[in-house]
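Read the structure below first, then the notes.
Number of protein chains: 2
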Amino acid sequence: MPKIVDHEVRRQEIIHATMRVIQRVGVEKTTVRTIAKETGYSAGVLAHYFKNKEEILAMTHLAAFRQVQIRTNEIIDSAVESEESIEVIRIALYEALPLDELRILEAHVDVSFWPQAILTPSLREIRTKSYLQRHEEWRQRFKKLREAGVIRCKETDVDLADEARMIIDSLSVQALLHPKHITPDKQKHIAENFLSRIQRDG
Amino acid sequence: MPKIVDHEVRRQEIIHATMRVIQRVGVEKTTVRTIAKETGYSAGVLAHYFKNKEEILAMTHLAAFRQVQIRTNEIIDSAVESEESIEVIRIALYEALPLDELRILEAHVDVSFWPQAILTPSLREIRTKSYLQRHEEWRQRFKKLREAGVIRCKETDVDLADEARMIIDSLSVQALLHPKHITPDKQKHIAENFLSRIQRDG
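Taken in sequence, the protein lines are chains A and B.
The first sequence begins at 1 in my numbering and counts up by one.
The second sequence begins at 1001 in my numbering and counts up by one.
Structure representation (structure tokens):
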């Protein structure tokens, strides 16, 4: 069914163009017209793929979230010998933090999306769903490592999933606002402190 | 000098109107015109107090930050007997977290400001200055409590100041995006976990 494949390819193309436009001018100035210009298609062509700006933003958010998830799972599958290694947590954290250009773009898309999502119930619902899904993935990772005796801290698996999400959300915005202070080295230091701490007793 | 006092009172009035408008419609739709409407003054009158939207946003950000600082210091002064009590950290954390309507408004103003600040160097500089100043206040608090033997964890005072800022920034946005999940009780649980942990050895 080549037509369906084309449709999906075109949508992905539009989503990636949207990410670049958001990074350049911000969500508020990202319009269907500016996205169309970035892709080289007309606004009329875009209308075949997305209903309105809100739908493009929602799809772009989901694509960025999914991109991190796929990359994380691929790296874990190829680089980690045992599912019961602390490396699983390290990789999942590092892949979600704004440590290089691609991950800075992903963070930028997410942070730009926040104020819009706070004010728009349909977007907020999508972001909450992503949040809960990601939180549950983290909880499962911590649970597995605790059962294996790798994680020995006092905090519960839910507490640790909360912490992982707090590290990712806060460093996403701080690295964009204060790049001279929240450097990649600083981010790694914070991640490593967390990794050491959860492996200690009590 | 009643004229100067009036000028300052009027500026404060405009700043508070701006906070309400931002919470209602977001930074992108907050214009000099909508702020003027909220205050009841004309856009022409506003022009006497602020050069442009950017200056209003910068002043509003600084006012919200200052408001938290003044309130925190007042409560610490009136409620804490010794500067060497863990209560200092508890109060400073609680006053910065979105736990009630006023603090949700302050968080909303800050989160709305982020994407704008990321893209606008002058605003980003102001936000970075606030961040560093606040970070240093936290570091001083942790230093004092460590010297008093109240804080006994392995992490440095800079690490703990990083953590305090991470808790505040992440819960600010998460409570606004996911109010059903990041409830006041959840926020307090996270703050209390942090307070217990930093008082434990190792």
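We put the CB at the ideal spot given by N, CA and C, even for glycine.
- A straight-line Cα-Cα distance of about 42 Å links V1032 of chain B and E8 of chain A.
- Listed in chain order, the alpha helix (DSSP H) runs fully inside the segment 1012-1100 of chain B are 1032-1039, 1043-1046, 1053-1079 and 1087-1096, counting runs of at least 4 residues.
- Rounded to the nearest whole angstrom, the CA to CA distance from V1173 of chain B to S85 of chain A is 31 Å.
- An exposed status is given to P1121 of chain B, since fewer than 16 other beta-carbon atoms sit within 10 Å of its beta-carbon.
- Chain A places a beta carbon closer than 7 Å to that of W1114 of chain B, counting this residue as a contact.
- Closest in alpha carbon position to S130 of chain A, among A:E38, A:R141, A:L62 and A:K154, is A:L62.
- From the listed residues A:G26, A:I56 and A:D185, the smallest Cα separation to Q12 of chain A is found for A:I56.
- When the Cα atoms are used, E125 of chain A and D1006 of chain B turn out to be separated by approximately 44 Å.
- Scanning chain B for C-beta atoms nearer than 7 Å to the C-beta of R200 of chain A yields G1202, reported in chain order.
- Proximity of chain B to Q187 of chain A at the Cβ level (cut-off 8 Å) is not reached, the minimal Cβ distance being about 10 Å.
- The Cβ atoms of H135 of chain A and A107 of chain A lie no closer than 7 Å to each other.
- Shown here, T1128 of chain B sits in a helix according to DSSP, grouped into three states.
- Close CB contacts of T1018 of chain B within its chain, under the 6 Å cut and outside five residues either way in sequence, are with I1035, I1056 and T1060 (chain order).
- Neighbours of L1057 of chain B across chain A, judged by C-beta separation under 7 Å, do not exist; the nearest C-beta is about 13 Å away.
- Residues of chain B whose Cβ lies closer than 7 Å to the Cβ of H178 of chain A are, in chain order, T1128 and Y1131.
- Counted as a single uninterrupted DSSP element, the stretch harbouring I182 of chain A is not any alpha helix (DSSP H), since DSSP gives it neither H nor E.
- Between the segment 143-159 of chain A and the segment 1148-1161 of chain B, the count of C-beta pairs closer than 8 Å stays below three; the two stretches do not touch.
- Look at S122 of chain A: its C-beta is not under 7 Å from any C-beta on chain B.
- At least 7 Å separates the CB of V109 of chain A from every CB of chain B.
- The criterion of a C-beta distance shorter than 7 Å is satisfied by P115 of chain A and G1026 of chain B.
- By the Cβ test, the segment 93-108 of chain A is not in contact with the segment 34-49 of chain A, since fewer than three Cβ pairs between them sit closer than 8 Å.
- Around I190 of chain A, the beta-carbon contacts reaching into chain B at under 9 Å are D1159, D1162, E1163 and M1166.
- Taking K1143 of chain B as reference, the option from B:L1099, B:D1157 and B:S1078 with the minimal CA-CA separation is B:D1157.
- The alpha carbon of E1095 of chain B has as its nearest neighbour, out of B:I1168, B:G1202 and B:H1181, the alpha carbon of B:I1168.
- Inter-residue distance for L171 of chain A and A58 of chain A is about 22 Å (C-alpha atoms, whole angstroms).
- In the three-state reduction of the DSSP assignment, A148 of chain A falls in the coil class.
- Along the segment 1038-1072 of chain B, none of the residues has a CB nearer than 8 Å to a CB of chain A.
- Out of A:H181, A:H16, A:R90 and A:A64, the CA that lies nearest to the CA of F194 of chain A is found in A:R90.
- Taking 7 Å as the cut-off between beta carbons, the residues of the segment 19-35 of chain A near chain B are G26, V27 and E28, in sequence order.
- A1191 of chain B is positioned such that its CB atom lies closer than 7 Å to that of L1093 of chain B.
- Interface flag for I118 of chain A against chain B is set, since a Cβ pair is found closer than 7 Å.
- Taking CB atoms only, V1173 of chain B has a neighbour in chain A less than 7 Å away.
- In this structure, the CA atom of T1072 of chain B is about 40 Å from the CA atom of E87 of chain A.
- Considering only beta carbons, the part of the segment 1143-1159 of chain B lying closer than 7 Å to chain A consists of E1155 and D1159, in chain order.
- DSSP places K154 of chain A in the coil class of the three-state scheme, outside both helix and strand.
- Measuring C-alpha to C-alpha distances from R1010 of chain B to each of B:V1021, B:H1048, B:Q1199 and B:Q1023 identifies B:H1048 as the nearest.
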